[in-house]
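Chain order of the listed sequences is R, Z, F and E.
Just so you know, we're using my numbering here: the first sequence kicks off at 41 and counts up by one.
Just so you know, we're using my numbering here: the second sequence kicks off at 41 and counts up by one.
Just so you know, we're using my numbering here: the third sequence kicks off at 41 and counts up by one.
Just so you know, we're using my numbering here: the fourth sequence kicks off at 41 and counts up by one.
4 protein chains.
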Amino acid sequence: MPKDKSETLEKIIPCAKKEFLDKGFERASMRKIAADANMSAAGLYRHFESKEAMFEALVLPAVKGIKELLLSMRDTFSELPGDIQKKAVSDYSNDKFPLFIEYIYDHLDVFKLLTTCADGTPYANFIHDLVEVDVEYNLKFIEATGNDALASGRCTPELMHILSSAFYSGIFEVVIHDMTRKDADDHIERLRRFFAAGWNALLRF
Amino acid sequence: MPKDKSETLEKIIPCAKKEFLDKGFERASMRKIAADANMSAAGLYRHFESKEAMFEALVLPAVKGIKELLLSMRDTFSELPGDIQKKAVSDYSNDKFPLFIEYIYDHLDVFKLLTTCADGTPYANFIHDLVEVDVEYNLKFIEATGNDALASGRCTPELMHILSSAFYSGIFEVVIHDMTRKDADDHIERLRRFFAAGWNALLRF
Amino acid sequence: MPKDKSETLEKIIPCAKKEFLDKGFERASMRKIAADANMSAAGLYRHFESKEAMFEALVLPAVKGIKELLLSMRDTFSELPGDIQKKAVSDYSNDKFPLFIEYIYDHLDVFKLLTTCADGTPYANFIHDLVEVDVEYNLKFIEATGNDALASGRCTPELMHILSSAFYSGIFEVVIHDMTRKDADDHIERLRRFFAAGWNALLRF
Amino acid sequence: MPKDKSETLEKIIPCAKKEFLDKGFERASMRKIAADANMSAAGLYRHFESKEAMFEALVLPAVKGIKELLLSMRDTFSELPGDIQKKAVSDYSNDKFPLFIEYIYDHLDVFKLLTTCADGTPYANFIHDLVEVDVEYNLKFIEATGNDALASGRCTPELMHILSSAFYSGIFEVVIHDMTRKDADDHIERLRRFFAAGWNALLRF
DNA sequence: GATGAATGAGCCTTCATTCAT
DNA sequence: TATGAATGAAGGCTCATTCAT
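Below is the structure:
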């Protein structure tokens with residue numbers, strides 16, 4: 041009966057994912073997950089403190105991962121001289137952005153969990169967390185480039201929040217709609233170009 | 041014991057809204073709603089056939105209303121000559137759009153329900169429904185103006201879906217974040233301009 | 041709104057019968073009966089004190105009627121001289137018995153109610169009540185004819201109860217199985233002959 | 041808290057029987073059964089999938105058992121040569137019949153459940169199921185012995201149904217009235233003799 | 001490490017009934 | 001006479017979780 045803990049864990053995880061994906065967090069059943077994993081519901085609690093903790097375990101690494109990626113992406117960008125940043129934005133170029141997408145596709149099911157099945161968990165607002173990071177860096181960028189959009193009132197932090205929110209919602213549409221990686225790349229590239237045009241107009245480059 | 045039905049209804053509705061807003065549809069409790077409204081849970085069922093029906097009653101008029109508004113907005117726009125449509129888009133002008141926002145603000149709590157508390161109901165995908173209408177009309181517009189974006193492959197229906205989805209997510213940010221009406225107008229106006237720039241670039245006006 | 045009481049009552053009764061027949065007493069719904077009768081559930085209570093009372097109203101006249109019929113049937117028979125009674129039994133003849141069947145068929149739905157839908161009411165044991173009357177008279181008959189079946193121990197009141205119970209169960213089979221009146225007459229006649237043979241053997245005529 | 045399953049089960053079963061016996065299936069309350077068994081209502085569901093399943097568990101073995109007994113009883117009888125069958129019937133002798141009664145008395149409470157408390161379950165018609173088996177075999181018997189009762193129209197399958205129904209109703213009277221085993225044997229023996237007389241008359245042996 | 005049994009809280013809903021109108 | 005509103009009680013059942021083994 042006693043088995044290798046991590047082995048059992050590996051049996052649980054896909055079953056948990058499947059159940060959360062199928063029914064969403066609230067309607068997901070611990071019993072069902074256990075049954076799918078050929079074990080008792082009680083056994084689940086050796087591995088996870090609670091249903092919430094189980095969801096979190098599934099999701100947290102990717103949440104952290106994508107945030108770090110976003111942070112590093114924006115950090116390296118931040119450290120460039122202002123005029124190079126400016127140019128890069130105008131050209132909607134960011135070497136690291138494909139990594140971002142790649143990361144999402146490497147954990148596609150997890151991001152689906154985050155985007156469509158997290159209701160009732162603290163991760164229901166996952167996208168907004170990303171947005172906040174994003175906005176923060178966009179503010180830094182505007183400051184670094186000495187752009188007058190904020191000063192002139194053409195732009196505000198709230199607007200930036202809205203724009204970021206719109207952007208990431210667009211990004212995660214590819215997840216929600218199960219696009220192939222190739223299609224996703226394509227669409228996201230175009231989405232970025234689209235937004236670059238918007239930013240160029242707003243920042244008056 | 042027996043009271044005026046509509047009076048009771050008016051007591052129930054805010055309590056129901058509050059509970060759904062607090063906990064989301066799934067976790068909301070009929071008992072709690074009843075208790076808040078100083079009545080028995082059974083009494084609720086004189087006014088609504090079920091929990092689902094109650095949510096629907098709260099939400100359906102606004103769903104219909106906003107869809108109709110969107111439809112009429114886009115219909116009247118559709119009927120303009122192609123070149124005027126083109127110009128209007130470039131100028132990000134649409135007389136009726138403020139009505140759209142106004143409608144949202146006239147039913148702010150309902151749209152919050154729809155945006156953040158509808159999980160587990162048929163209204164969970166409310167935004168996507170709007171998006172679908174929007175995309176349909178955007179396709180018509182492209183056809184009507186003879187634009188080559190689709191033909192050239194610069195744009196696809198999927199991309200349009202993503203863009204629309206991004207746009208409406210931006211719009212409903214104002215709902216989620218409880219912006220004042222004035223701020224909302226302002227931000228949405230700018231959001232529209234931002235998107236207009238994107239579209240102009242994509243459609244190469 | 042105020043109408044003729046008896047008129048309303050006549051509208052209620054068939055609806056009540058139908059509902060009890062469909063679902064049995066327990067599962068029958070006052071609301072449904074009211075709805076079928078185009079009135080409110082509360083209105084029902086002007087006519088009947090309770091669900092039980094309603095069932096009773098439907099059923100009591102026929103219960104009384106059939107009991108009286110049975111009593112009178114057996115009474116007149118009782119009053120005949122012993123040897124004539126004896127002969128009549130041997131010949132399985134009883135002028136009044138067809139009246140019994142006729143009465144049942146004149147209130148067929150009610151007897152169906154009594155036989156198959158009375159669970160949960162005091163009428164669940166309707167047949168046994170008849171049986172008790174029957175046994176009582178059979179005892180009288182044995183005494184009147186000076187038969188030695190009881191004295192000899194060949195027969196006992198309990199056995200007579202069992203036999204009567206068997207007989208009436210057979211009788212009410214025709215009700216349960218919706219036989220036509222003609223078939224019923226036929227079958228019951230034969231059932232009586234069958235039982236007469238049994239009695240003849242038991243009483244050693 | 042956790043106990044031996046079968047131990048608990050043995051505590052539940054009499055409580056369930058009692059409750060069903062007291063109130064009938066419909067009015068019986070799972071909560072009450074649980075309370076009587078000193079456990080939570082939820083705990084019941086570890087042992088039975090539903091109220092229906094609980095009733096069935098109580099009743100099914102005996103239903104199967106008695107049917108098998110009836111079948112085997114009639115089968116062995118069926119295989120005898122026609123003339124021996126005929127004689128056996130005339131003498132109302134069947135070695136196995138006492139086993140039938142014994143079986144009933146070994147599961148007396150269960151047969152009470154079946155006879156008087158099964159309304160609302162698929163077992164409400166338990167007696168009629170037995171009757172159908174019985175009739176089937178009686179038809180075989182008539183055919184095997186070349187009797188002319190059916191051919192002459194003196195008897196019909198419907199009549200046989202009624203007679204069987206009457207017979208078994210008589211049999212189960214002993215259950216309903218809690219007769220002692222000894223009394224039951226006695227009465228049923230006499231009931232059989234009574235019916236044998238009837239059959240002899242009907243079949244004109 | 002894993003289990004099966006058990007729990008307590010809660011779920012939505014339905015019911016017969018009452019009562020002010 | 002009849003109603004619509006409201007109720008209290010109860011219904012069966014499911015859930016995440018605990019705990020003795």
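Note that CB positions come from ideal geometry on N, CA and C, so glycine has one too.
Measuring CA to CA, which of Z/77, Z/205, Z/92 and Z/148 is closest to residue 167 of chain Z? For this step, residue 167 of chain Z is matched to residue 127 along the second sequence. Measuring from the Cα of residue 167 of chain Z, the nearest candidate turns out to be Z/205.
Using the Cα positions of residue 82 of chain Z and residue 222 of chain R, report the straight-line distance between them to the nearest angstrom. Numbered from its first residue, the second sequence carries residue 82 of chain Z at position 42. Numbered from its first residue, the first sequence carries residue 222 of chain R at position 182. Using only the alpha carbons, I get a separation of about 54 angstroms.
Against chain Z, does residue 205 of chain R count as a neighbour if the rule is that its beta carbon must be under 9 angstroms from one of theirs? As a first step, residue 205 of chain R is located in the first sequence; it is residue number 165 there, counting from the start. At least one chain Z Cβ lies under 9 angstroms of residue 205 of chain R.
Find the residues of chain E that neighbour residue 159 of chain F, judging by a C-beta separation of less than 7 angstroms, and give them in chain order. By 1-based counting over the third sequence, the position of residue 159 of chain F is 119. Correct list: 64 and 159.
Contact between the region 186-198 of chain E and the region 221-237 of chain E is defined here as three or more beta-carbon pairs at a separation below 8 angstroms; is this criterion met? No: the two stretches stay apart, fewer than three of their Cβ pairs being nearer than 8 angstroms.
Ordered along the chain, which non-local residues of its own chain (more than five positions away) have a Cβ less than 6 angstroms from that of residue 212 of chain F? On the third sequence, position 172 is the one that residue 212 of chain F refers to. Excluding residues within five positions, the ones whose Cβ falls inside 6 angstroms are 155.
Among F/199, F/173 and F/218, nearest to residue 147 of chain F - alpha-carbon criterion: In the third sequence, counting from the first residue as 1, residue 147 of chain F sits at position 107. Residue F/218 holds the alpha-carbon nearest to the alpha-carbon of residue 147 of chain F among F/199, F/173 and F/218.
Closer than 9 angstroms between beta carbons: that is the criterion. Which residues of the region 219-231 of chain F meet it against chain E? Listed by position along the chain: 219, 223, 226, 227, 228, 230 and 231.
Please tell me whether residue 185 of chain F has its Cβ less than 9 angstroms away from any Cβ of chain E. The residue given as residue 185 of chain F occupies position 145 in the third sequence. Output row for residue 185 of chain F: interface = no.
Of all Cβ atoms in chain F, is any one closer than 9 angstroms to the Cβ of residue 202 of chain E? Translated into positions along the fourth sequence, residue 202 of chain E becomes position 162. So yes, residue 202 of chain E belongs to the interface.
Neighbour flag for residue 196 of chain E against chain F, beta carbons, 9 angstroms: For the purposes of this step, residue 196 of chain E is taken as the residue at position 156 of the fourth sequence. Chain F, which has a Cβ nearer than 9 angstroms to the Cβ of residue 196 of chain E, makes this yes.
Start and end of the alpha helix (DSSP H) containing residue 221 of chain F? Numbered from 1 along the third sequence, position 181 holds the residue referred to as residue 221 of chain F. For residue 221 of chain F, the enclosing alpha helix (DSSP H) stretches over residues 221-243.
For chain F, check one thing: does any of its Cβ atoms lie closer than 9 angstroms to the Cβ of residue 235 of chain E? On the fourth sequence, residue 235 of chain E is found 195 positions in, with the first residue counted as 1. Taking Cβ atoms only, chain F reaches closer than 9 angstroms to residue 235 of chain E, which makes this a yes.
Compare the beta carbon distance of residue 95 of chain F and residue 153 of chain F with 9 angstroms and say whether it is the shorter of the two. For the purposes of this step, residue 95 of chain F is taken as residue 55 along the third sequence, with counting starting at 1. For the purposes of this step, residue 153 of chain F is taken as residue 113 along the third sequence, with counting starting at 1. Cβ distance < 9 angstroms, so residue 95 of chain F and residue 153 of chain F count as in contact.
So, does the CB of residue 130 of chain Z fall closer than 9 angstroms to a CB anywhere in chain R? Translated into the one-based positions of the second sequence, residue 130 of chain Z becomes position 90. Chain R contact via Cβ: absent.
Are the region 62-77 of chain R and the region 102-113 of chain R touching by the rule of at least three beta carbon pairs closer than 8 angstroms? The region 62-77 of chain R is not in contact with the region 102-113 of chain R.
Can you list, in chain order, the stretches of the alpha helix (DSSP H) that have 4 or more residues and sit fully within the region 100-184 of chain Z? Correct list: 122-130, 137-146, 148-156 and 166-184.
Can you tell me whether residue 46 of chain E is helix, strand or coil according to DSSP? Numbered from 1 along the fourth sequence, position 6 holds the residue referred to as residue 46 of chain E. Note: residue 46 of chain E maps to helix in three-state DSSP.
How long is the line joining the alpha carbons of residue 195 of chain R and residue 58 of chain R, rounded to whole angstroms? Looking up residue 195 of chain R in the first sequence gives position 155. Looking up residue 58 of chain R in the first sequence gives position 18. Spanning the two alpha carbons is a distance of roughly 43 angstroms.
Taking the straight line between their C-alpha atoms, what separation do you get for residue 52 of chain R and residue 85 of chain R? Counting from 1 along the first sequence, the entry for residue 52 of chain R is found at position 12. Counting from 1 along the first sequence, the entry for residue 85 of chain R is found at position 45. In a straight line, the C-alpha of residue 52 of chain R is about 11 angstroms away from that of residue 85 of chain R.
Alpha carbons only, please: which of R/78, R/110, R/181 and R/129 is nearest the one belonging to residue 47 of chain R? Within the first sequence, the letter at position 7 stands for residue 47 of chain R. The residue with the shortest Cα to Cα distance from residue 47 of chain R is R/78.
Ignore the nearest five residues each way along the sequence and tell me which others in residue 141 of chain F's own chain have a CB closer than 7 angstroms to its CB. The residue you call residue 141 of chain F lines up with position 101 of the third sequence. Excluding sequence positions up to five before and after residue 141 of chain F, its CB lies within less than 7 angstroms of the CB of 224, 225 and 228, all in the same chain and listed in chain order.
Whose CA, out of F/159, F/181 and F/123, lies closest to the CA of residue 60 of chain F? Here residue 60 of chain F refers to the residue found at position 20 of the third sequence. Considering only alpha carbons, the answer is F/159.
Say the cut is 8 angstroms; is the CB of residue 96 of chain E nearer than that to a heavy atom of the ligand COA? This structure lacks the ligand COA; in fact it carries no ligand of any kind.
Given a cut-off of 9 angstroms on the beta-carbon distance, is the pair residue 120 of chain Z and residue 56 of chain Z in contact? Here residue 120 of chain Z corresponds to residue number 80 of the second sequence, with the count starting at 1. Here residue 56 of chain Z corresponds to residue number 16 of the second sequence, with the count starting at 1. In this structure, residue 120 of chain Z keeps its C-beta atom at 9 angstroms or more from the C-beta atom of residue 56 of chain Z.
Helix or strand or just coil, what does DSSP make of residue 94 of chain R? The residue you call residue 94 of chain R lines up with position 54 of the first sequence. Residue state, collapsed to three classes: helix.
Using a Cβ-Cβ cut-off of 9 angstroms, state whether residue 238 of chain F counts as contacting chain E. Here residue 238 of chain F is taken as the residue at index 198 of the third sequence, counted from 1. Taking 9 angstroms as the threshold, the shortest C-beta distance from residue 238 of chain F to chain E falls below it.
Local conformation of residue 218 of chain Z per DSSP, three classes: Translated into the one-based positions of the second sequence, residue 218 of chain Z becomes position 178. In the three-state reduction of the DSSP assignment, residue 218 of chain Z falls in the coil class, being assigned neither a helical nor a strand state.
Tell me where the alpha helix (DSSP H) around residue 84 of chain F begins and ends. As a first step, residue 84 of chain F is located in the third sequence; it is residue number 44 there, counting from the start. In this chain, the alpha helix (DSSP H) harbouring residue 84 of chain F covers 81-87.
Under a CB-based cut-off of 9 angstroms, is residue 214 of chain Z close to chain R? Residue mapping note: residue 214 of chain Z aligns to position 174 of the second sequence, counting from 1. The beta-carbon of residue 214 of chain Z is placed less than 9 angstroms from the nearest beta-carbon of chain R.
Limits of the unbroken alpha helix (DSSP H) element including residue 71 of chain R: The residue labelled residue 71 of chain R in the question sits at position 31 within the first sequence. 70-76 is the extent of the alpha helix (DSSP H) around residue 71 of chain R.
To the nearest angstrom, report how far apart residue 111 of chain E and residue 172 of chain E are at their CA atoms. On the fourth sequence, residue 111 of chain E is found 71 positions in, with the first residue counted as 1. On the fourth sequence, residue 172 of chain E is found 132 positions in, with the first residue counted as 1. The straight-line gap from Cα to Cα measures roughly 11 angstroms.
At a Cβ threshold of 9 angstroms, is residue 47 of chain Z touching chain R? Mapped onto the second sequence, residue 47 of chain Z falls at position 7. Chain R, which has no Cβ nearer than 9 angstroms to the Cβ of residue 47 of chain Z, makes this no.
So, with DSSP's three-state summary, where would you put residue 195 of chain E? Your numbering for residue 195 of chain E matches position 155 in the fourth sequence. Looking at residue 195 of chain E - three-state DSSP - the assignment turns out to be coil, as it is neither helix nor strand.
Can you name the residues of chain F whose CB is closer than 8 angstroms to the CB of residue 210 of chain E? By 1-based counting over the fourth sequence, the position of residue 210 of chain E is 170. Under the 8 angstroms cutoff, chain F gives 202, 203, 205, 206 and 209.
Run down chain E in chain order and give the residues with a C-beta less than 8 angstroms from the C-beta of residue 189 of chain F. Within the third sequence, the letter at position 149 stands for residue 189 of chain F. Here the premise fails: no neighbours, minimum Cβ distance about 10 angstroms.
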